[in-house]
Structures are given as structure tokens and as C-alpha cells.
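Down below is the structure, laid out as C-alpha cells.
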Amino acid sequence: DRKPRVFSGIQPTSDSFHLGNYLGAVRQWVAMQDTTDALYCVVDQHAITVDHDPKVLHQRSRVSAAQLLALGLDPERCTLFVQSQVPEHAMLSWILGSETGFGEASRMTQFKDKSAKQERTTVGLFTYPILMAADILLYRTDQVPVGEDQRQHLELTRDLAIRFNGTYGETFTVPEPYIVKETATIKDLSEPEKKMSKSSSGPRGCLYLLDEPNQMRKKIKGAVTDSEAEVRFDPERKPGVSNLMNIYTALAGTTTEKLEAEYAGRGYGDFKGDLAEVVADTLGPIALRTKEILADKAELDRILTLGAEKARHLAVRTIAKTYKKIGF
Ligand code: ADP
Ligand code: NA
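First residue of the sequence shown: 6, per the numbering used here; consecutive thereafter.
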């Protein structure tokens, strides 16, 4: 029997992924390559639902794909592609949009949050969850790795699939959430009460995978901790230190108990210094590899074209079936 089909997307909305994106998402993607039949998509069509600069978007899509490859996605073991290269996403989105109630779409809370932050809100931002439903349903996806922020959108996807199947006959696979092994949310280095994010942090709070190693060291050494000097895991009372411990265990494969024992009575300086080296040693090579991949333009084009072809091979079948059912 076949492996479960998995679909996951990431938006090319920054010049580099950050440590939270890696530890909270991409690392699981890499691990799932062999246990599932996975499609991973740089969702550039989602990225135009807010203001964007065309040249920057194009470059960010390539950098995103290059980073995913550098982090360990292997085009032989998964399908990696850029959304706009597979026109069937937009085609299915139109059909699903015509099956979505206006009230149903209006209940999406992420739209309310995001539109409040925009000067100009687009219809595309409003229908974003419908495009996401198309992304997923196009590939007969069994499982979707989702964080808390995407749960409501996956619920909409399931509702649409179930309703469409009920109205027009069996067409879509109804996807399930993929429960990812609990990874701690990585917190902002300057404001450890907040999650690390490209949007919510100052320049020193977010550790980008493409930062220079020395920049990474500086950010770790400058991370906000507390007035004690005890390396102890206590996310409630010691959010800064606990965040650094989470980063340490995630990257070095150790445990918080071992770290507590190792740094007992030694203060934060040693701990931060060692973590700075762990971070620079593990992420430094990834930045270099990303640059190498970007430098070979033809090879990256080849990989993405091949990925889009593999994706389309599946997508056209779903579109053909759906068109027939809908009366086209
Ligand atoms: P951002 O919050 O910087 O806008 P995205 O929303 O684009 O990042 O995140 C893409 C993926 O990375 C999502 O699957 C999300 O769950 C994961 N992710 C983002 N920030 C973190 C974080 N601080 N800790 C863990 N995972 C994160
Ligand atoms: Na986000």
C-alpha cells in the first residue's frame, strides 16, 4: 500500500527563513521525505495577497527553494516546486471559491488579523484560505502538517471537500491534520515572550538562516535572559534562557536536563558562548550551501521545472475529474 500523501507550503515572504521556520517546520519536512509521499511548495501566489515587489518576490522564491534544498529536501525523495508554475492551483481555487459560502469565508480569523495590518486589503487576502484548500485538494492529500494558525483553514478545506463530494459525487480526498512531534515554538531573542518571527521582532531578535556566522554569534550572545545566573529550564519564569536551551537541544540533540547539569554554577557566558558555536557550526554550512545552489542558476531551474512537472502530472488529473463533475 502507498505512503500517505502530504502537502505543505511555505511563503517566500522574506529574504531568508529564520530559525523558527527551520525548527518548527522545515526540519519536519526533511524527516517526512521517506515516510510519506510529500509535496513541498513555495507558495508565491499566496505571497501576492499582500503588498509585494515583483523583483523581490521572484528572487525570494528562488532563495526559498535553494534554502529548502540546502536544509535537506531532496528532489529525488519529494516533490519540490513553485506554486505559480502549476496553473491548476488557480483553476481549482476558482471552482472551490464558487462552492464556498461568503459567510463561511468571512469567519476566517487570520484574514481579520492580517487585514487589520494592511493599508489596503485585497480580495485575494480574503480568498487566501480557498487557494490553500485548492493547494491541498489538488493532490489528493491525506495529511497536512499544520500549526495552530492554519488549523481553521484546514477545517475549511475539509468542509469543502466533504460538501463537494456530497453534492457532485466522490472527487476529493478529505485531508487530516498531520500531528507533528511537538517542537517548542522558538521565541524572539530580544523579546522571549513573543515567538520568533520575521515580522514581529527587532533586528536582533530574529536569527536568519542566511545571517553571517558572526552575526549569529552576536545575536545569541546578545539574547535577553534574566538577572539570575542559573541555566535552568523554566519557560514561565525564565523564558529567555529556556528558549536558548530549546534551541541548543534542537540543534545539538542533547536534553535540557543534561544542559542544566553541564552548566551548573557556570553562569550564562559559557552557555551562550557554546550555543553561539553550535548555531554557527550547524547553520553556517547551510548558508554556504544555499549560496552554491543559487549560483548554479541552470541546475536550480532544472530542479524546479522537474518538480512542477511532477506536481502537474497529479494536478491535471484532479482538474479533469473536477471539471467533469462541475459541468465544464
Ligand atoms: P513568520 O511567523 O515569521 O511569518 P511563517 O508564518 O511564514 O513565519 O512560518 C512558516 C512556518 O514556520 C510555519 O509552519 C510556522 O509554524 C513555522 N514557524 C514560524 N515561526 C516559528 C517559531 N517561532 N517557532 C516554531 N515554528 C515557527
Ligand atoms: Na506567521
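Glycine included, C-beta positions come from ideal geometry on N, C-alpha and C.
Excluding its 5 nearest sequence neighbours in each direction, S98 has C-beta neighbours in its own chain below 6 Å: I135, L136, A139, listed in chain order. In this structure the segment 201-220 does not lie against the segment 178-186, because fewer than three pairs of beta carbons, one per stretch, are closer than 8 Å.
Of S89, L264, Y45, E124, the smallest CA-CA separation from Y144 is found for Y45. Taking a 10 Å sphere around the C-beta of E93, we find 16 or more other C-beta atoms and assign the residue as buried. As for any beta strand (DSSP E) of minimum length 3 sitting wholly inside the segment 63-105, the runs are 84-87, ordered along the chain. V284 is the residue among K330, G278, V284 whose C-alpha sits nearest the C-alpha of G258. Setting aside the 5 residues that flank it on each side, A71 is surrounded in the same chain by T295, I298, L299, L305, each with a C-beta closer than 7 Å to its C-beta; the list follows chain order. Distances from the alpha-carbon of F12 to those of S19, S21, V31 put V31 closest. One residue after another in chain order, those with a Cβ under 5 Å from a heavy atom of the ligand ADP are G25, N26, G29, A30, G152, T190, I191, K200, M201, S202, K203.
The alpha-carbon of V128 is positioned some 18 Å away from that of Q16.
Inter-residue distance for T132 and E233 is about 48 Å (C-alpha atoms, whole angstroms). DSSP, read as helix, strand or coil, puts V47 in strand.
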